[in-house]
Every structure is written in C-alpha cells, then in structure tokens.
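These notes are about the structure you will find just below.
Residue numbers (our numbering): 7 to 483.
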C-alpha cells in the first residue's frame with residue numbers, strides 16, 4: 007500500500023485517523039502499532055515476522071546493555087557487536103545473497119540462487135533499530151522498557167517503508183508526550199497533500215517520459231539528455247514527495263520527523279548536494295560510520311579510505327547490483343576531488359559555475375543509478391555524448407516540444423523560488439491590505455494554504471483515477 011493509492015487515501019488513512027482521535031491516550035501507541043502492522047502486512051504479510059524479529063532483537067539488546075552497565079560493563083561491547091552483526095546479517099542475507107551467488111557463478115561456482123523477495127523497507131528499519139542500540143551503548147538515549155512503544159517506533163507506518171530514517175532520539179519524547187492539536191494536525195495534512203502533489207502531479211508525469219525514452223528503440227543525444235533530466239526530476243519529486251507525506255503524517259499523529267530534503271538541486275558543490283539530499287541517510291553514515299572510523303581527523307590517507315568505505319557502502323545500501331556500487335564509487339571520486347582540491351578553487355568563482363558543475367555530475371550520476379547493467383550504463387553515456395543514434399530525430403524534437411512546459415515547472419518547483427515569490431506577494435501586497443485586521447492575518451494565511459492544498463488533492467485524485475502509472479522508486483531499496 008502506497009500513500010498515493012486510492013485505498014490509502016480513502017480507506018486506510020480516514021479509518022486510522024478516526025480511530026486515533028477516538029482512542030484513549032494510553033492506548034494510542036498500541037493502536038498505531040496494530041495499524042502499522044496491518045499496513046505492512048497489506049503488501050507483504052510473510053515478511054512481517056522479519057521486522058518483528060528485528061524489533062524484539064534490538065529491544066532485547068537495549069535491555070541487555072542496561073543490565074550490563076550495572077553488573078558487567080566490560081561486556082557491553084559484545085552486545086553492541088551482536089546487534090551490529092545480527093542486523094547487518096539479516097539485511098545482507100535477504101538483500102545481497104543472490105547478488106553474491108550470481109557473481110560467484112560468473113567465476114564458475116555453479117551455485118543455485120535462493121531467489122528471495124526483498125522485504126519492503128528492510129534497509130530503513132534495520133538502520134533505525136541498529137542506531138537505537140548504538141545510541142544506548144553510547145549513552146545518548148535511555149533503553150526503552152515499554153516493548154509496545156519501541157515496537158511502534160520501529161513499525162510506525164508513516165516512515166516504515168521508505169523513511170526518513172528516524173533515529174530513536176528524535177521521537178523519544180513523542181512516544182509518550184504527544185497530544186492531538188488541531189492546528190498541528192491541519193498543518194500535517196497540508197504537508198501530506200503537498201507531498202502527494204509532488205508525487206502524482208510531477209514525479210509520475212515526468213516518470214512516464216523517462217520510461218518512454220529508456221525503453222525506446224533509438225537514443226539520440228537530444229533524447230538521452232531529455233531522459234536524463236526526466237529521471238533526475240522523477241527521483242527527486244518521487245522521494246521528496248514521499249518524505250513530505252511521511253513527515254506530514256507524523257505531524258498529524260503528534261510526531262516530529264527530521265527533514266530529508268532541502269532543495270538539493272540548488273547546490274553549488276557535490277559536498278553541498280549530499281548535505282541536502284536524503285539527509286537522514288547521509289547523516290546516518292556520517293554519524294555511525296564515517297566519524298567512528300576517524301573521519302578526516304587522522305590524515306589524508308585515512309580520510310580517503312574512510313570516504314571509500316562510506317560511499318561504497320552507500321551505493322550498496324541502495325541495492326544489490328553493480329550499478330549502485332559504481333554510483334557510490336562515482337560520488338567517492340567526486341567528493342575526494344572536491345575535498346582535497348576543488349572546493350578551495352570553487353570559493354573564488356561565481357555561484358553559477360559551481361551550480362552548473364554540480365548539476366552536470368548529478369544528472370550524469372543518475373544515469374549510473376537508473377541503468378541496471380554496466381552495458382546499459384555505457385550505452386546510455388555513449389548516446390549522451392554523441393556516440394549513439396545521432397544528435398537528434400523527430401521523436402526527440404516532439405518529446406522536447408511537448409514536455410518543455412513540464413520541465414520548466416519542474417525546474418522552478420525544485421528551487422526556493424516559488425516560496426520566495428509567494429512570500430514576496432504576501433508581504434508586499436496582501437499583508438498591507440490586511441493591516442486593518444492584524445488579528446486574523448495568520449488565520450487568512452492558513453486558509454489560503456488550505457485551499458491550495460485542497461486544489462492539489464483534487465488534481466492528484468483526478469490523475470490517480472485516470473492514470474495507471476503510479477510507481478514508487480524507493481520501494482526496491
């Protein structure tokens with residue numbers, strides 16, 4: 007079940023909201039746990055036991071760390087090792103076994119594949135439960151004694167499938183001290199509907215163009231670059247839209263999830279891009295891998311090794327395929343060049359130079375990410391740089407002509423510009439005219455935003471009812 011489905015919008019969410027509002031406060035955690043398990047079981051009932059095992063496993067690790075703190079503190083590190091090895095072992099078994107066997111078979115091993123389906127969301131909830139144990143070990147958070155509350159944190163349906171990766175410390179207080187506030191619930195719904203609009207009205211439309219180009223028989227330079235731009239915008243609005251919906255849903259239920267995107271396509275360096283893109287994942291790797299390995303504190307040679315490990319694993323985290331590994335190593339090389347040399351020189355240049363350079367490599371990088379085999383990657387890059395089926399054809403001209411308004415809209419929507427324009431209009435034109443009713447300015451502003459999000463809802467529903475193209479890219483991770 008995805009957030010942009012009719013079943014979720016008209017059946018699941020309304021029923022859950024009604025039950026949540028009617029439920030006594032002391033039973034709301036167990037209600038959210040039950041509906042979250044139902045949400046997960048809707049799409050993958052047989053793998054719900056894996057998520058429950060991870061939950062019990064790290065709940066037990068947290069309690070064990072607390073016990074050993076008082077009685078045998080020197081043995082706490084063994085519990086931490088057990089948690090890390092156990093969590094990564096489960097993740098690797100389900101996500102990477104066939105990848106390893108396939109590569110061994112290429113060397114002549116002749117091993118049968120186990121052909122296990124990837125449990126939905128396993129990469130996200132595994133990182134969450136593992137970070138909980140690490141934070142308990144470090145003393146950042148106290149062990150959770152209430153199993154229902156901990157299980158609800160792990161399985162909470164707004165962030166269960168595709169994040170953001172919510173560390174336990176971010177919601178520790180919300181597990182018991184959240185309240186239903188009508189204004190917060192309304193703002194959460196507004197955020198949800200904005201995310202829905204991103205997903206349905208923008209990501210789905212440009213995603214159909216990417217599918218058309220990537221599955222076509224010919225690929226010219228003009229067509230290849232249009233396809234690269236289409237995928238660049240599809241993955242951003244698809245994932246950031248889902249993150250907006252997750253954050254909005256969390257706010258409706260009284261939780262405060264971390265932001266996951268901050269207009270990454272405005273970045274002026276690759277380093278800045280990764281501070282703005284999938285912020286909870288990059289923050290996780292920085293906090294639990296890069297810094298513990300020594301970061302940049304142990305000299306250049308060690309920094310290079312640390313960057314290599316972090317970005318190789320970042321690529322592998324996204325999927326069990328060589329294109330993801332290559333994508334991670336691609337960013338390793340870019341960041342290495344930046345940190346050791348380029349950033350010093352970018353500071354003296356105009357901002358637009360850094361922005362153009364960054365977006366060129368980001369767009370090119372998405373073509374490594376999107377194409378599943380090395381052969382497909384090379385074929386696509388060959389087409390982008392003039393070694394494919396020519397420079398242009400009638401199909402590419404037609405696709406550019408018919409999709410140019412959408413591309414302009416996507417470019418604008420991926421920046422702060424729309425928000426700045428709205429803020430300028432409000433502050434310079436609307437607000438002065440409301441000076442006589444200062445008391446109601448915030449209410450009027452809130453009403454305008456509500457009307458805007460209702461329009462997004464109506465348009466999104468119209469597209470969902472009339473269209474069949476409604477994928478979600480990050481489900482496979």
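Idealized CB from N, CA, C, for every residue including glycine.
For clarity, every value in this text was computed on a predicted model and none was experimentally measured.
Exercise. Report buried or exposed for residue 80, applying the criterion of at least 16 other Cβ atoms within 10 angstroms of its Cβ.
Key: The residue is exposed, with fewer than 16 neighbouring Cβ atoms inside 10 Å.
Quiz item: Using the beta-carbon count (16 or more within 10 Å), is residue 433 buried or exposed?
Solution: It counts as exposed.
Quiz item: To the nearest angstrom, how far is it from the Cα of residue 115 to the Cα of residue 128?
Solution: Rounded to the nearest whole angstrom, the C-alpha separation of residue 115 and residue 128 is 28 angstroms.
Practice problem: Give a yes or no on whether the C-beta atoms belonging to residue 484 and residue 197 are separated by under 8 angstroms. | Solution: Residue 484 is absent from the model: the chain starts at 7 and stops at 483.
Exercise. Taking 8 angstroms as the cut-off, decide whether the C-beta atoms of residue 330 and residue 322 are in contact.
Key: Closer than 8 angstroms, so yes.
Exercise. Taking residue 206 as the reference, give the member of 62, 379, 125, 240 with the closest Cα.
Key: Residue nearest to residue 206 within the set 62, 379, 125, 240 is 240 (criterion: CA-CA distance).
Exercise. For residue 192, I'd like the list of residues in its chain whose CB is within less than 8 angstroms of its CB, leaving aside the five on either flank, ordered along the chain.
Key: Only 452, 456 meet the Cβ criterion.
Practice problem: If I'm right that residue 266 touches residue 286 with Cβ under 8 angstroms, what's the distance once you round it to whole angstroms? | Solution: For a cut-off of 8 angstroms, the C-beta gap from residue 266 to residue 286 is around 5 angstroms, short enough to register as a contact.
Quiz prompt | Cβ distance (whole Å) where residue 394 is taken to contact residue 230 below 8 angstroms | solution = Rounded to the nearest angstrom, the Cβ distance from residue 394 to residue 230 is 7 angstroms, consistent with a contact under 8 angstroms.
Exercise. Grab the span of the alpha helix (DSSP H) containing residue 282 for me, first residue to last.
Key: 276–282 is the span of the alpha helix (DSSP H), which, as asked, contains residue 282.
Quiz item: Expressed to the nearest angstrom, what Euclidean distance is found between the alpha-carbon atoms of residue 276 and residue 27?
Solution: Rounded to the nearest whole angstrom, the C-alpha separation of residue 276 and residue 27 is 44 angstroms.
Quiz prompt | Identity of the residue in 342, 124, 215, 429 nearest residue 238 by Cα | solution = Taking only the C-alpha atoms, the option nearest residue 238 is 215.
Quiz prompt | Check whether residue 260 and residue 164 have beta carbons under 8 angstroms apart | solution = Inclusion of residue 260 and residue 164 in the CB contact set at 8 angstroms is not warranted, their separation being larger than that value.
Quiz item: Do you know whose CA, among 167, 404, 29, lies nearest residue 7's CA?
Solution: Nearest C-alpha to residue 7: 167.
Quiz item: Just reading off the alpha helix (DSSP H) that residue 368 is part of, what are its end residues?
Solution: For residue 368, the enclosing alpha helix (DSSP H) starts and ends at 357–376.
Practice problem: Output the residue ranges of the alpha helix (DSSP H) runs that lie fully inside the stretch 202–242 and measure 4 residues or longer, sorted by chain position. | Solution: Listed in chain order, they are 210–220.
Quiz prompt | Distance CB(residue 371)-CB(residue 336) smaller than 8 angstroms | solution = Yes. Within cutoff.
Practice problem: Leaving aside the five residues before and after residue 344 along the sequence, list all residues of the same chain whose C-beta is less than 7 angstroms from its C-beta, in chain order. | Solution: Excluding sequence neighbours, residue 344 sits near 275, 276, 277.
Quiz prompt | When 59, 125, 471, 244 are compared against residue 48, the one with the closest alpha-carbon | solution = Nearest Cα to residue 48 within the set 59, 125, 471, 244: 125.
Quiz item: On the three-state DSSP scale, how would you describe residue 7?
Solution: Looking at residue 7 - three-state DSSP - the assignment turns out to be coil, as it is neither helix nor strand.
Exercise. Report yes or no: do the stretch 34–50 and the stretch 209–228 share at least 3 C-beta pairs separated by less than 8 angstroms?
Key: Touching, no.
Quiz item: Comparing alpha-carbon positions, which option in 76, 130, 86, 151 lies nearest residue 97?
Solution: Closest option to residue 97, Cα to Cα, is 130.
Quiz item: Quick one: is residue 283 buried, meaning 16 or more other Cβ sit within 10 Å of its Cβ, or exposed?
Solution: Classification for residue 283: buried.
Quiz item: Are the beta-carbon atoms belonging to residue 68 and residue 132 less than 8 angstroms from one another?
Solution: Result no, Cβ atoms of residue 68 and residue 132 do not sit closer than 8 angstroms.
Quiz prompt | Beta-carbon gap between residue 413 and residue 235 smaller than 8 angstroms | solution = Cβ distance < 8 angstroms, so residue 413 and residue 235 count as in contact.
Practice problem: Decide if residue 461 is buried, meaning its Cβ has at least 16 other Cβ atoms within 10 Å, or exposed. | Solution: With fewer than 16 neighbouring CB atoms inside 10 Å of its own CB, residue 461 falls in the exposed class.
Quiz prompt | 8 angstroms Cβ shell around residue 449 - same chain, five flanking residues per side excluded | solution = For residue 449, where only same-chain residues beyond five positions count, there are no Cβ hits under 8 angstroms.
Quiz item: Do you know whose CA, among 103, 328, 318, lies nearest residue 334's CA?
Solution: The residue with the shortest Cα to Cα distance from residue 334 is 318.
Quiz item: According to the neighbour-count rule (16 or more other Cβ atoms, all chains shown, within 10 Å of its Cβ), is residue 61 buried or exposed?
Solution: It counts as buried.
Quiz item: In three-state DSSP terms, what is residue 261?
Solution: Coil at residue 261, not helix or strand.
Quiz item: Which residue comes first and which comes last in the alpha helix (DSSP H) that contains residue 269?
Solution: Per DSSP, residue 269 belongs to no alpha helix (DSSP H) and is neither H nor E.
Self-check item: Three-way DSSP call (helix, strand, coil) for residue 298 in this model
Solution: Looking at residue 298 - three-state DSSP - the assignment turns out to be coil, as it is neither helix nor strand.
Quiz item: In chain order, what residues of the same chain have a beta carbon less than 6 angstroms from the beta carbon of residue 464, not counting five sequence neighbours either side?
Solution: Result list for residue 464: empty, nothing under 6 angstroms.
Quiz item: Out of curiosity, what's the CA-to-CA distance linking residue 83 and residue 22?
Solution: Distance between the alpha carbons of residue 83 and residue 22 is about 41 angstroms.
Practice problem: For the alpha helix (DSSP H) holding residue 131, just list the boundary residues, first then last. | Solution: Segment 128–144, the alpha helix (DSSP H) holding residue 131.
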